[in-house]
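For the sequence shown, position 33 matches number 56 in the working numbering, and the numbering has no gaps at all.
Note that the Cβ used here is the ideal one computed from N, Cα and C, for glycine as well.
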Amino acid sequence: MLTRPQRGHVQITARGKEVLAERPERVDMQLLSRFDDYLDYWARTNVTVRLEVVAQAMSASGARAGREGADLLPTPR
């Protein structure tokens, strides 16, 4: 629904304009979850964020790669 044609710029796509033409009361997760593109983006971003959190925790604790890091992985919900 949005593209980033260059750094610091965001542009609405045709699909984004269609969604706004429906005049939704709010743009939130419930609305966005109707779109496969958003769900794919969210899944990729969520994994990336989890990996970053694990890396930061390992760095902060001084843990080395290997068994010590396994305890820092988030548990599935």
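Provide the residue span of the alpha helix (DSSP H) that contains residue i, from first to last.
| i | result |
| --- | --- |
| Met-52 | 52-55 |
| Asp-42 | Looking at the sequence shown, residue 42 is not Asp but Val. Element bounds for Val-42: 37-44. |
Under the assumption that residue i contacts residue j (Cβ atoms under 8 angstroms), give the Cβ distance between them as a whole number of angstroms.
| i | j | result |
| --- | --- | --- |
| Pro-47 | Leu-54 | 5 angstroms |
Assign residue i to one of three DSSP states: helix, strand, or coil.
| i | result |
| --- | --- |
| Gln-34 | strand |
| Arg-67 | helix |
| Glu-48 | coil |
Based on DSSP bridge pairs, tell me the residues matched to residue i.
| i | result |
| --- | --- |
| Thr-26 | Gln-34 |
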